[in-house]
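S.K.: Using the numbering used here, the letters of the sequence shown map in sequence onto residues 1 to 190.
Note that CB positions come from ideal geometry on N, CA and C, so glycine has one too.
One structure coming up, written as structure tokens, with questions to follow.
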Amino acid sequence: MTDPDPTLWIATKTCALGPYRPDLVETYWRWEQDPTLMVGYGRQVPESLEARTEGMAHQVRGTNPRFTVYDLAGDRPVPVGVSTLLPDDAVRTAEFVIMLSREARGRGLGSGATRLTLDYAFHVANLRMVWLKVLEPNIAGIKAYEKAGFQRAGVLRGAGYWLGAVCGEVLMDALAEDFTGPSSVKALFG
1 MTDPDPTLWI
11 ATKTCALGPY
21 RPDLVETYWR
31 WEQDPTLMVG
41 YGRQVPESLE
51 ARTEGMAHQV
61 RGTNPRFTVY
71 DLAGDRPVPV
81 GVSTLLPDDA
91 VRTAEFVIML
101 SREARGRGLG
111 SGATRLTLDY
121 AFHVANLRMV
131 WLKVLEPNIA
141 GIKAYEKAGF
151 QRAGVLRGAG
161 YWLGAVCGEV
171 LMDALAEDFT
181 GPSSVKALFG
């Protein structure tokens, strides 16, 4: 889990994105079983490690961009999460999904990793729009997505559950033409 020299594709001073790693399947699985993450995703049932390992085999053969998120605050990069783009190639858009370990939350890593994933989406994958759904009570998540460049697009009323209560899902989107500021991808080209 603490490979001293992991491959890092794009980075800021605080976080980086690298390849999705089959050797981290147990770590990813552990993060996914955290009740705070399950509530945030609206999941009610934990998954077995065996099922997650089987799913990982399918995911690494797929074409969806998947990244390991690294925290760069210490002496070496530490994996702290995963971000994923689920593209619809016919219309050049993608759904965005991110998962951070409980220890990584509240330090700006979510916004940083989200921004890096958008940077990849717009400057490498050449997508025109990326969207996501977030449960309405997840105020910290909504603020992190807004900080990274997403805007509210609407609410699916009564579409989710938060701590046993029905809630809305906020739809958010980010457009390539609105993605301004520094680009870690463009910086690779001087």
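With contact counted as at least three CB pairs below 8 angstroms, one residue from each stretch, are the segment 65-83 and the segment 93-102 in contact?
M.R.: yes
S.K.: Please tell me whether F191 and T117 are closer than 8 angstroms, where the distance is taken between their beta carbons.
M.R.: What the structure shows of the chain is the stretch from 1 to 190, and residue 191 is not part of that stretch, so it cannot be assessed.
S.K.: Taking 8 angstroms as the threshold (C-beta atoms), are M172 and R157 in contact?
M.R.: no
S.K.: Going by C-alpha distance, which of P6, T114, W31 is nearest A148?
M.R.: It is T114 whose Cα lies nearest to the Cα of A148.
S.K.: Kindly list the residues whose CB is nearer than 7 angstroms to the CB of A11, restricted to its own chain and excluding five residues on each side of it in sequence; keep chain order.
M.R.: L72, S184
S.K.: Can you give me the Cβ contacts of D38 inside the same chain, cut-off strictly under 8 angstroms, excluding the 5 residues immediately before and after it?
M.R.: Reading the sequence as shown, one finds Met at residue 38 and not Asp. Cβ neighbours of M38 beyond the five flanking positions: E32, Q44, P46.
S.K.: Enumerate in chain order the residues of its own chain whose CB-to-CB distance from P22 is below 8 angstroms, with the five nearest sequence positions on each side excluded.
M.R.: M56, A57, V60
S.K.: Give, in chain order, every unbroken run of the alpha helix (DSSP H) that is at least 4 residues long and sits entirely within the segment 70-135.
M.R.: 109-123
S.K.: Check whether the Cβ atoms of V134 and I142 sit closer than 8 angstroms, and answer yes or no.
M.R.: yes
S.K.: Do you know offhand how far D119's Cα is from F179's?
M.R.: 8 angstroms
S.K.: What is the DSSP secondary structure of Q59, counted as helix, strand or coil?
M.R.: In the structure shown, Q59 sits in a helix (DSSP, three-state: H, G or I).
S.K.: Which of the three DSSP states, helix, strand or coil, is assigned to Y161?
M.R.: In the structure shown, Y161 falls within a strand segment according to DSSP collapsed to helix, strand and coil.
S.K.: Taking the alpha carbon of L175 as the reference point, which residue from T14, W131, L8 has its own alpha carbon closest?
M.R.: W131
S.K.: On a Cα-Cα basis, can you pick out the residue from T27, D88, P77 that is closest to A125?
M.R.: D88
S.K.: For V155, list the residues DSSP reports as bridge partners.
M.R.: In the DSSP assignment, V155 is bridged to V170.
S.K.: If L127 sits next to A165, beta carbons under 8 angstroms apart, how far is it from one beta carbon to the other, in whole angstroms?
M.R.: Actually they are not in contact, since the Cβ atoms of L127 and A165 sit about 34 angstroms apart, beyond 8 angstroms.
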